[in-house]
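Novice: There's a structure below that I have some questions on.
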C-alpha cells in the first residue's frame with residue numbers, strides 16, 4: 003500500500019515538473035536570448051548566452067519609447083480603475099439598498115450587456131469617438147474602459163453589498179451619519195475582498211488590452227505598452243536580440259507585481275470567476 | 006402630506022443622479038449607444054471617414070451572406086473553438102485535480118501555470134512566434150521530426166499552433182476555477198465515495214465532475230466566449246497567414262472594416278457573430294446548468 007502511494011507521488015512530480023517546463027520554457031527562452039547578440043540567437047536559440055550582452059535592452063528601451071509607453075499604460079490603467087471603483091460602488095450601493103424599478107431595469111441591462119463582445123461595438127465606438135474628435139486622447143480611452151467594465155463591477159459590488167446586513171447602516175444613519183460618509187467610511191472598508199477582486203481583474207484586463215488602443219491611439223507618444231511592443235516588433239522583426247529584449251521589458255512590470263502580490267492576484271481571479 | 010411625498014420623489018431623483026448617474030452615463034455612452042449605433046450602421050453605407058451616410062436597406066446583409074471569406078473564417082473559428090474549449094477544459098481540470106491531492110509544491114505549480122494570464126495576447130503571440138519559427142525549427146534540424154518544417158509556414162500546422170497557444174494561455178485560468186470547485190466538494194462525500202469503491206477514474210467521473218458542474222458551466226462559458234473573440238494571438242502569431250488560412254472570424258471582421266474599408270458589411274458580420282455567440286452561450290449555460298446537482 004505504501005509503495006503504491008510512493009509511486010503515485012513520483013508519477014505526480016514527473017508529470018507536473020514536465021508541465022511546469024512546458025508552461026515556463028517559452029518565457030525562459032525569451033529571457034535567455036535577450037542577452038545574446040542577434041548572430042548568436044540565429045545560430046543557436048537554445049544555447050545559454052556566451053556573455054551578458056545588453057545592447058538589445060538599450061536599443062529596445064530607446065526605440066520603444068519605453069518610459070513614455072509605460073507611463074501611458076500606467077496612467078490609463080490607474081485612472082480607469084480608480085474611477086471604476088468609485089462610480090460602481092456608489093451605483094451598486096444605491097441599487098442594493100433601494101428597490102426602485104429603474105434600479106432593477108438598469109441592473110438587468112448591465113448584466114445582459116456582459117455578453118456583448120468588443121468586436122460588436124468596436125466599429126461604432128471608433129465612429130463616434132472620431133466624430134467627437136476623441137481619438138489620440140488618453141482620457142477618452144479611460145472613459146471607454148469605465149463604460150466597458152462598469153457593468154461587471156456594479157454587478158459584483160451589488161451582490162456583495164446585499165450580503166451585508168442593512169441594520170448596520172440604519173444604526174449609523176440614526177447616529178446622524180450622512181450617506182456619503184456612511185458609504186466611504188463605514189461600508190467601503192468592509193468591501194475590501196470584492197474591491198481587490200475587481201481591481202485585480204480590471205488592472206490585468208486594461209493593462210494588457212490591445213484592440214481598443216489600437217483603433218483609438220495613433221500617435222507614438224500616446225501608445226500604451228502592448229501597442230508599442232507590437233509596432234516595435236513589426237519594425238525590427240528579424241533582429242531577435244532586440245525583439246526578445248523588448249518582450250522582456252514589456253513583461254517585466256507585471257511579473258514584478260506578480261512576485262509581490264501572487265497570492266492576492268490568484269485569490270482575486272478565482273473569486274472573480276465564481277461570483 | 007402630499008408636499009412631503011413630492012419632496013421625497015425629488016429627493017430620490019437627486020439620489021439616483023448623484024449615486025448611479027456617473028455609472029449609468031458611462032455605461033450608456035460606451036455600451037448601449039454603441040450597440041444601438043452598431044445595429045443602425047448595418048443599414049448604411051458609411052465609409053469610415055465622413056459623417057454622412059445613406060440608408061441602403063438590407064444590402065449589407067446580402068453582401069455579408071455572399072462573403073465567402075467570412076463564412077470560411079466562421080467555420081474555421083468553430084473548429085478552433087471546439088478544439089480549444091475541449092482540450093483546455095480537460096487539461097485544466099486534470100491539473101486542478103492533481104493539484105488538490107495534497108502533494109507539496111502546489112502553490113508553486115499553481116502560480117506558474119497561471120503566469121500566461123498576466124500577459125497580453127499580443128505579447129504572448131510574439132513570444133510563441135519566436136519559439137515556433139526560431140527555436141523549434143532549430144530543434145527540427147537536430148532531428149526532432151515534428152518540428153522539421155516551420156509550423157507557421159503551412160496552413161494545418163499554423164492552425165494547430167494557434168490552438169496550442171490558446172490552450173497554454175487559458176488552461177491556468179480555468180485551473181483556478183476548477184480548483185475552487187474541487188476544494189468545495191464536501192470531505193464526507195468524498196470519504197463515503199471512496200469507501201463505496203469509487204476510486205480513480207470512477208471517482209472523477211461519478212463523484213467529482215457531477216459535484217463541480219457549476220465550475221464546468223463557468224469554464225465552458227468563458228472558454229467559448231474567448232475562443233470566438235480570439236484576435237490578439239491570431240494577429241501577432243500568424244496574422245491570419247499563410248494565405249489567410251488561419252484567419253479567425255474576429256480578425257476577418259476587423260479586416261473587412263478597417264482594411265477593406267467596408268464598414269457597413271464589417272459591422273453586419275460583427276452583429277452576426279454576436280448573435281451566434283449569444284445563442285451558443287445561452288444554450289450552453291442552460292445545458293450545463295441542467296447537469297448541476299446538490300451534494
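Chains as they are written, first to last, in the working numbering: chain D, 3 to 277; chain S, 6 to 300. The C-beta atom is built at its ideal place from N, Cα and C for all residues, glycine as well.
(1) Can you tell me where the alpha helix (DSSP H) holding residue 40(D) begins and where it ends?
(2) How would you call residue 55(S), buried or exposed, if buried means at least 16 neighbouring beta carbons within 10 angstroms?
(3) Reducing DSSP to helix, strand and coil, say where residue 225(S) ends up.
(4) Can you list the residues of chain S that residue 152(D) reaches, using a CB-CB cut of under 7 Å?
(5) So who's on the other strand from residue 60(S), going by DSSP bridges?
(6) Measure from the C-beta of residue 24(D) to each C-beta in chain S and report whether the shortest distance is under 9 Å.
(7) The alpha helix (DSSP H) that contains residue 27(S), what's its start and end?
(8) Taking only beta carbons into account, state which residues of the region 213-241 of chain S come closer than 9 Å to chain D, listed in chain order.
(9) Spatial neighbours of residue 3(S) within its chain, please: C-beta separation below 6 Å, excluding the five flanking residues on both sides.
(10) Could you compute how far the alpha carbon of residue 155(D) sits from the alpha carbon of residue 98(S)?
(11) Spell out whether any CB of chain S is found under 9 Å from the CB atom of residue 179(D).
(12) Which chain S residues are close to residue 130(D), counting only those with a beta carbon under 8 Å from its beta carbon?
(13) List, in chain order, every chain D residue whose beta-carbon is nearer than 7 Å to that of residue 114(S).
(14) Pull up the CB-CB distance for residue 1(D) and residue 270(D), whole angstroms please, since I reckon it's below 8 Å.
(15) Label residue 151(D) either buried or exposed according to how many other C-beta atoms from any shown protein chain fall within 10 Å of its C-beta, with 16 as the threshold for buried.
(16) Starting from residue 114(S) and walking both ways along the alpha helix (DSSP H), at which residues does that stretch end?
(17) Near residue 68(S), which residues of its chain fall below 6 Å by C-beta distance, leaving aside the five closest residues on each side in sequence?
(18) Based on Cα-Cα distance, which residue from 116(S), 85(S), 64(S), 158(S) lies nearest to residue 253(S)?
(19) Just checking: is the beta-carbon of residue 73(S) within a distance shorter than 9 Å of some beta-carbon in chain D?
(20) How close, in whole Å, do the beta carbons of residue 243(S) and residue 167(S) come, if the pair is a contact with beta carbons under 8 Å?
(21) Tell me whether residue 172(D) is buried or exposed, calling it buried when 16 or more other Cβ atoms sit within 10 Å of its Cβ.
(22) Output needed for residue 94(S): all residues of its chain with C-beta closer than 7 Å, excluding positions within five of it in sequence on either side, in chain order.
(23) Given residue 188(D), which residues of its chain have a CB within under 6 Å of its CB, disregarding the five upstream and five downstream residues?
(24) List the residues of chain S that residue 110(D) touches, going by C-beta distances under 8 Å, in chain order.
(25) Note down the Cα distance separating residue 116(D) from residue 153(D), rounded to an integer number of angstroms.
(26) At which residue ranges does the region 132-203 of chain D contain complete alpha helix (DSSP H) runs of 4 or more residues, listed in the order of the chain?
(27) What residues in its chain sit with their C-beta under 7 Å from that of residue 224(D), if we drop five residues either side in the sequence?
(28) Give me the residue from 64(D), 248(D), 163(D), 129(D) with the minimum Cα distance to residue 217(D).
(29) With residue 61(D) and residue 244(D) assumed to form a contact (beta carbons below 8 Å), what rounded beta-carbon distance in angstroms separates them?
(30) Check whether the region 53-70 of chain D and the region 256-269 of chain D are in contact - that is, three or more C-beta pairs closer than 8 Å.
(31) Can you pull the chain S neighbours of residue 123(D), defined as C-beta to C-beta under 7 Å?
Specialist: Short version:
(1) 40-45
(2) Under this definition residue 55(S) is an exposed residue.
(3) helix
(4) Neighbours of residue 152(D) across chain S, judged by C-beta separation under 7 Å: 28, 31, 32.
(5) 49(S)
(6) yes
(7) 26-32
(8) 219, 220, 223, 224, 227, 230, 233, 234, 236, 237, 240, 241
(9) There is no way to answer for residue 3(S), as the model of chain S reaches only from 6 to 300.
(10) 28 Å
(11) No, no contact with chain S.
(12) 38, 39, 42
(13) 18, 22
(14) Outside the shown range of chain D, which is 3 to 277, sits residue 1(D), and nothing can be said about it.
(15) buried
(16) 111-119
(17) 270
(18) 85(S)
(19) So no, residue 73(S) is outside the interface.
(20) 6 Å
(21) exposed
(22) For residue 94(S), where only same-chain residues beyond five positions count, the Cβ hits under 7 Å are 179, 224, 225, 228.
(23) 174
(24) Correct list: empty, because the minimum Cβ distance to chain S is about 12 Å.
(25) 7 Å
(26) 140-164, 168-176
(27) 74, 138, 140
(28) 129(D)
(29) 6 Å
(30) Contact fails: fewer than three Cβ-Cβ distances are below 8 Å.
(31) 36, 39, 40, 43
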